[in-house]
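K.L.:
My questions all concern the structure below.
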Amino acid sequence: MGVVTEYLDAYPIADEAPIELQRDEELLFGKAQVGPIRLLQHELLGAVHFPVEFVPARFSPPRGIYECDHIRLEWQQMGNFRQPFYHRNADVDEVSYQIFGDRTLMTEHGTVEIRPGDYSRIPVGVGHDNYGRNEIHLLFYIPASVTECGPFAKKASHTIPPFEGWESKVVAEVMTECLGGPECDIASFQVDETLLLNHAKGLPEDKLISILRPTEASKGDIEWKYKSKHVWIGHTELSKSTGTPKYRRHRRAEEIQCQISGTRTVITQRGIITLEPGDFISIPNGVAFTDHVTDNSTHITVLTFNEAEAKGDIVKRAKPATTEAIAELRHV
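In terms of this note's numbering, the sequence shown opens at residue -4 and continues consecutively.
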């Protein structure tokens, strides 16, 4: 262990370059001596887990992962079926990331085929439905408005029929508030599905649903894909750790991490925890952390200005971050 660089930022409130600080890595994990003052005792990090590969089930309702006033993060699995209604958010943009399988996204702003690795954003107030085919995706409900960052991989289009075997009929529509959560419906009624989908006909291209994918910018660092006033979403692809570790610390944000593929160990001042695909953790505001990777790894980062409570069960806990444990991890 030796001198390392810590990057201290004010994301997502201030979009400016982090402050670079030089730290003695061993002291980062030393117990602070503050005389008679009693400091709070914080528990070690805990991980929530949801599958990243489809497992057949009769019905899999959406499952909450983390939630606060500024974001609701949800896991959803769909077999070969559609949602029971068209959904319309009254207060949030709805971002998704496709983990496994294929999904047809049908909206008033166009229809598009979603593949693993695709990100999408449905603007607030836009009616939409999904036809999933043995798939899994994440949903991020964020108070509008949310801005896409980086190039578009493809655009939705007005498509009738939206998928093979589709038939036009009268369907249900449900409008919700309070981050699109359960028991937050404010209106429900019937609609003609063809009329709804035909809204996309003649829309300018900039109004059609955009699909984003990770680019070369995500290799070795965070590539920010979406930004709002209080929430940022980024994508990172890492390979084997080499050289001097770099630490990050947020002074205005909690960082939720979603492990998508590969194994990655996160070293933090709240413990050391190894993440497998489907693991989710939340690193509190003000806590320094870094990664240790022995092979390829992909994860999603969510920065939120407010602490987000875990809605899923904690399935494992971090181990204490001692200098001996860190040295053993790195085989030093």
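Ideal Cβ placement from N, Cα and C applies to all residues, glycine included. All values derive from a computational prediction rather than experimental measurement.
(1) How far does the alpha helix (DSSP H) with Thr318 in it extend, from its first residue to its last?
(2) Counting beta carbon pairs with one atom in the stretch 118 to 128 and one in the stretch 77 to 86, are three or more of them shorter than 8 Å?
(3) Would the stretch 244 to 258 and the stretch 267 to 278 be scored as touching if the rule is three or more Cβ pairs under 8 Å?
(4) How would you write the range of the beta strand (DSSP E) that Glu168 sits in, first residue to last?
(5) Given Arg53, which residues of its chain have a CB within under 7 Å of its CB, disregarding the five upstream and five downstream residues?
(6) Given 8 Å as the limit, is there contact between the stretch 169 to 189 and the stretch 235 to 251, that is, 3 or more CB pairs closer than that?
(7) Provide the residue span of the beta strand (DSSP E) that contains Thr258, from first to last.
(8) Does the contact criterion of 3 or more C-beta pairs under 8 Å hold for the stretch 58 to 72 versus the stretch 302 to 312?
(9) Check the C-beta distance from Ile204 over to His132 and give it rounded, since I have them as a contact under 8 Å.
(10) Using only the heavy atoms of the ligand SAH, determine whether one of them is closer than 7 Å to the beta carbon of Leu270.
(11) Are Arg244 and Glu1 closer than 8 Å when you measure CB to CB?
(12) Which residues mark the beginning and the end of the beta strand (DSSP E) in which Leu3 is found?
(13) Can you tell me whether Leu68 is buried or exposed, with buried defined as 16 or more other CB within 10 angstroms of its CB?
(14) Could you tell me whether the stretch 191 to 198 touches the stretch 88 to 108, where touching means 3 or more Cβ pairs closer than 8 Å?
(15) Which value, in whole angstroms, describes the spacing of the CA atoms of Ala248 and Thr318?
(16) Just how far apart, CA to CA, sit Asp97 and Pro199?
(17) Would you kindly work out how many angstroms separate the C-alpha atoms of Tyr114 and Phe45, rounded to a whole number?
(18) At the level of alpha carbons, what is the spacing between Gln28 and Glu323?
(19) Using the three-state DSSP reduction, which class does Thr189 fall into: helix, strand or coil?
(20) Figure out for me which residue from Glu48, Met(-4), Met73 and Ala42 has the closest Cα to the Cα of Pro56.
(21) Please work out which residues of its chain come closer than 6 Å, Cβ to Cβ, to Ser298, disregarding the five sequence neighbours upstream and downstream, and give them in chain order.
(22) Starting from Leu68, follow the beta strand (DSSP E) in both directions and report where the run begins and ends.
(23) With which residues is Pro138 paired in a DSSP beta bridge?
(24) Can you tell me where the alpha helix (DSSP H) holding Pro23 begins and where it ends?
(25) Let me check understanding here. Comparing Cα to Cα, which of Thr269, Ala316 and Glu89 lies closest to Thr142?
(26) Return the CA-CA distance between Pro156 and Thr189, expressed in angstroms with no decimal places.
(27) Can you look up Ala182 in the DSSP assignment and give me helix, strand or coil?
(28) Find out if the Cβ-Cβ distance for the pair Thr263, Thr269 is shorter than 8 Å.
(29) Measure how close the beta-carbons of Pro279 and Ser223 come, nearest whole angstrom, since I'm counting them as under 8 Å.
(30) Can you pull the DSSP bridge partners for Ser55?
P.N.:
So, from the data block:
(1) Counting along the chain, Thr318 sits inside the alpha helix (DSSP H) bounded by residues Thr318 to Leu324.
(2) Of all C-beta pairs linking the stretch 77 to 86 to the stretch 118 to 128, three or more are shorter than 8 Å, placing the two stretches in contact.
(3) In short, these stretches touch, since the Cβ pair count reaches three.
(4) Run containing Glu168: Val165 to Thr171, per the beta strand (DSSP E) assignment.
(5) Cβ neighbours of Arg53 beyond the five flanking positions: none.
(6) Flag = no, the stretch 169 to 189 and the stretch 235 to 251 do not touch.
(7) For Thr258, there is no enclosing beta strand (DSSP E), since its DSSP letter is neither H nor E.
(8) Yes: at least three Cβ pairs fall under 8 Å.
(9) Contact doesn't hold; Cβ gap of about 14 Å is too wide.
(10) Among the components modelled here there is no ligand, and therefore nothing to report on the ligand SAH.
(11) Yes. Within cutoff.
(12) From DSSP, the beta strand (DSSP E) with Leu3 extends over Val(-2) to Asp4.
(13) Of the other Cβ atoms in all chains shown, 16 or more fall within 10 Å of the Cβ of Leu68; this residue is therefore buried.
(14) By the Cβ rule, the stretch 191 to 198 counts as touching the stretch 88 to 108, because three or more pairs are nearer than 8 Å.
(15) CA-CA distance, Ala248 to Thr318, rounds to 26 Å.
(16) If I take the Cα positions, the gap works out to 26 Å.
(17) Just so you know, the alpha carbons of Tyr114 and Phe45 end up roughly 19 Å apart.
(18) When rounded, the distance between both Cα atoms is 26 Å.
(19) Three-state result, Thr189: helix.
(20) Closest by alpha carbon: Met73.
(21) Correcting the residue identity first, residue 298 is Leu in this sequence and not Ser. For Leu298, where only same-chain residues beyond five positions count, the Cβ hits under 6 Å are Tyr6, Pro7, Trp227, Ala248 and Glu250.
(22) Segment Ile66 to Met73, the beta strand (DSSP E) holding Leu68.
(23) BP columns for Pro138 point to Val87.
(24) For the record, residue 23 in the displayed sequence is Leu; it is not Pro. Glu20 to Leu23 is the extent of the alpha helix (DSSP H) around Leu23.
(25) When the alpha-carbon of Thr142 is set against those of Thr269, Ala316 and Glu89, the nearest one is in Glu89.
(26) Their Cα atoms are separated by approximately 9 Å.
(27) If DSSP states are grouped into helix, strand and coil, Ala182 belongs with the strands.
(28) Taking 8 Å as the Cβ cut-off, Thr263 and Thr269 do not qualify as a contacting pair.
(29) With 8 Å as the limit, Pro279 and Ser223 do not qualify as a contact, their Cβ atoms being about 21 Å apart.
(30) Ser55 has no beta-bridge partner at all, per DSSP.
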